[in-house]
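Asks: Quick one: this structure, given as structure tokens, is what I'll be asking you about.
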Amino acid sequence: MNDRNEDPAIREPAHDKVRGRNTRTGIYAITGGLLLFLFAIMVRDEFAFRGRENSPPAANVPLSFTPPPMSKIPDGPEGASIRHGMAIFENTGTEAKPFVGNQLACRSCHLDAGRKADSAPMWAAWVSYPQYRAKNKKMNTMEDRLNGCFSYSMNAQGSPSGGPPPKGDPIYADLEAYFHWLASNAPTGTKLKGAGFLKLKLPQAGYDRDRGRAVYAQHCASCHGDDGQGRTDINGRQVFPPLWGPRSYNWGAGMAQLNNAAGFIKANMPLGAGNTLTDQQAWDAAAWIDSQERPKDPRQKGTVAENVVAFHSGEKTFYGKTVDGHLLGSGTEAPVQASRR
1 MNDRNEDPAI
11 REPAHDKVRG
21 RNTRTGIYAI
31 TGGLLLFLFA
41 IMVRDEFAFR
51 GRENSPPAAN
61 VPLSFTPPPM
71 SKIPDGPEGA
81 SIRHGMAIFE
91 NTGTEAKPFV
101 GNQLACRSCH
111 LDAGRKADSA
121 PMWAAWVSYP
131 QYRAKNKKMN
141 TMEDRLNGCF
151 SYSMNAQGSP
161 SGGPPPKGDP
171 IYADLEAYFH
181 WLASNAPTGT
191 KLKGAGFLKL
201 KLPQAGYDRD
211 RGRAVYAQHC
221 ASCHGDDGQG
231 RTDINGRQVF
241 PPLWGPRSYN
251 WGAGMAQLNN
261 AAGFIKANMP
271 LGAGNTLTDQ
281 QAWDAAAWID
291 SQERPKDPRQ
301 KGTVAENVVA
311 FHSGEKTFYG
321 KTVDGHLLGS
331 GTEAPVQASR
341 R
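Start counting the sequence shown at 1; every next residue gets the next number (our numbering).
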């Protein structure tokens with residue numbers, strides 16, 4: 001008699017009970033293992049994330065950037081300032097005549113209205129300021145930097161005013177408005193591809209002005225003249241800039257340093273055919289151009305030798321060297337104020 005009133009027909013067999021327990025145990029084991037696996041992945045990812053947070057950043061790969069087309073310059077007062085800044089940049093000797101003492105313009109070194117990569121484009125310069133400059137040993141604003149451009153590249157000491165635009169002059173504001181617009185949406189805090197001049201390694205053979213004379217005659221003289229004084233059109237307007245002499249940049253300009261000149265030449269010259277010269281040709285051409293006399297460094301107070309120690313120590317330059325019996329840095333006879341048309 002069944003005291004539990006249980007139907008023997010539906011009683012679970014003993015072996016089925018064992019199999020059920022084994023199945024449940026297996027499920028629990030698999031589930032537990034899966035949970036441990038997932039937990040391990042979570043821990044690994046958390047430590048990996050923390051590692052990325054605390055580890056040094058990856059190599060700072062330069063980012064590409066394209067400035068906006070001129071058609072995107074806005075209307076209104078802002079657009080007017082941008083357009084005037086571009087006009088100053090393109091025709092510095094007419095738009096900023098009181099402060100220019102040679103026949104150069106901003107566009108002479110910063111090609112395509114300051115847009116071209118590897119010719120110190122202004123969209124890249126804008127996002128890198130303020131910055132410390134060893135040249136004047138202080139933090140520089142963009143206005144400070146422009147003041148230096150007028151002082152050295154524009155040879156403002158030979159200008160009608162005898163110096164660069166004074167602090168706060170509207171010329172600076174309009175140039176900065178133009179640069180700010182060129183850099184619209186440019187990333188900050190990182191390197192931009194094409195910023196500054198091309199960094200060109202010095203060849204094993206170094207540089208040689210006599211080799212450079214031949215390179216200049218073959219690749220440069222047709223535009224800049226055998227005498228380095230550039231070319232003018234039939235109206236007397238400067239078409240190709242002078243590279244040395246009283247109407248060119250002075251000894252304080254960045255282009256008077258061979259590494260800057262060589263990088264610029266390699267990437268941009270002959271005009272429209274950049275990167276066709278070899279590195280050796282670029283360095284040699286720079287040596288020929290920058291071993292010619294030009295206006296004095298406006299920072300010079302004493303002798304050339306004293307100025308070398310004060311401002312040119314460690315530079316790749318012919319400043320202070322004697323070439324063909326002449327001490328370079330003595331300056332041209334008189335900076336001339338060429339007429340502008």
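All C-beta atoms, glycine included, are put in the ideal place defined by N, C-alpha and C.
1. Taking the CB atoms as reference points, tell me whether Tyr319 and Asp297 lie closer together than 9 Å.
2. From this set, Val309, Asn185, Pro246 and Asn268, which residue's C-alpha is nearest Ala124's C-alpha?
3. DSSP has Gln238 in a bridge; who is on the other side?
4. Measure the C-alpha to C-alpha separation of His219 and Met269 and round it to an integer number of angstroms.
5. DSSP state of Val323, grouped into three classes?
6. Looking at the secondary structure, which residues open and close the beta strand (DSSP E) in which Asn140 lies?
7. State the Cα-Cα distance for the pair Gly148 and Ser71, rounded to the nearest angstrom.
8. Please state whether DSSP places Phe65 in a helix, a strand or coil.
9. Start and end of the beta strand (DSSP E) containing Tyr132?
10. Taking one C-beta from the region 245 to 265 and one from the region 294 to 309 each time, how about it: are there three or more such pairs within less than 8 Å?
11. Helix, strand or coil for Phe197? Go by DSSP, reduced to three states.
12. Kindly provide the ranges of any beta strand (DSSP E) runs that are 3 or more residues long and lie completely inside the region 164 to 198, ordered along the chain.
13. Could you tell me the boundaries of the alpha helix (DSSP H) in which Gly114 lies?
14. How far does the alpha helix (DSSP H) with Trp123 in it reach, from first residue to last?
15. If you check the beta carbons only, do Gln131 and Met139 fall under 9 Å apart?
16. Relative to the C-alpha of Asp174, which candidate in Arg133, Gly263 and Ala80 has its C-alpha closest?
17. For Ser55 and Leu146, what's the separation of their Cα atoms in angstroms?
18. Can you give me the C-alpha to C-alpha distance between Arg133 and Gly212, rounded to a whole angstrom?
19. Sort Ile289, Gly114, Gln280 and Gly162 by Cα distance to Gly245 and report the nearest one.
20. Could you say which of Ala214, Gly163 and Ile88 lies nearest to Tyr152 if we only look at CA atoms?
21. For Ser81, report the span of its alpha helix (DSSP H) as first-last.
22. What is the DSSP secondary structure of Ser119, counted as helix, strand or coil?
23. Do we get a CB-CB distance below 9 Å when we pair Ala205 with the residues of chain D?
24. With the cut-off set at 9 Å, would you say Ala120 and Gly196 are in Cβ contact?
25. With a threshold of 16 other CB atoms inside 10 Å of the CB of Gln157, please say whether the residue is buried or exposed.
26. For Gly93, which of helix, strand or coil comes out of DSSP?
27. If you follow the alpha helix (DSSP H) that Ala286 is in, where does it begin and where does it stop?
28. Pull up the distance between the alpha-carbon of Lys193 and that of Asn275, whole angstroms please.
29. With a 10 Å radius around its C-beta and 16 neighbouring C-beta atoms as the bar for buried, classify Val61 as buried or exposed.
30. Taking only three categories from DSSP, how would you classify Arg265?
31. Going straight from the alpha carbon of Ser291 to that of Asn102, what length do you get?
32. Is any heavy atom in the ligand NAD found nearer than 8 Å to the beta carbon of Gly76?
33. Closer than 6 Å by C-beta to Glu53: which residues in its own chain qualify, once you throw out the five before and the five after it? Chain order, please.
34. Between which two residues does the alpha helix (DSSP H) holding Cys223 run?
35. Using a threshold of 9 Å, state whether the C-beta atoms of Ala87 and Glu78 are closer than that.
Replies: On the basis of the coordinates in this document:
1. yes
2. Asn185
3. Thr232
4. 8 Å
5. strand
6. Lys138 to Asn140
7. 30 Å
8. coil
9. Gln131 to Arg133
10. yes
11. strand
12. none
13. Leu111 to Gly114
14. Met122 to Trp126
15. yes
16. Ala80
17. Legend: pLDDT at Ser55 = 44, less than 50; position of this residue unreliable, value from coordinates given subsequently. Cα to Cα, Ser55 sits roughly 38 Å from Leu146.
18. 30 Å
19. Ile289
20. Gly163
21. Gly76 to Glu90
22. strand
23. Here there is only one protein chain, and chain D is not present.
24. yes
25. buried
26. helix
27. Asp279 to Ile289
28. 16 Å
29. exposed
30. Checking the displayed sequence, the identity of residue 265 turns out to be Ile instead of Arg. Three-state result, Ile265: helix.
31. 19 Å
32. Ligands in the displayed structure: none, and consequently the ligand NAD is not present.
33. Because the pLDDT at Glu53 is just 43, under 50, the model does not fix this residue reliably, and the value given afterwards should be weighed accordingly. If we look at Glu53 and ignore the five residues flanking it on each side, it has no Cβ neighbours.
34. Ala221 to His224
35. no
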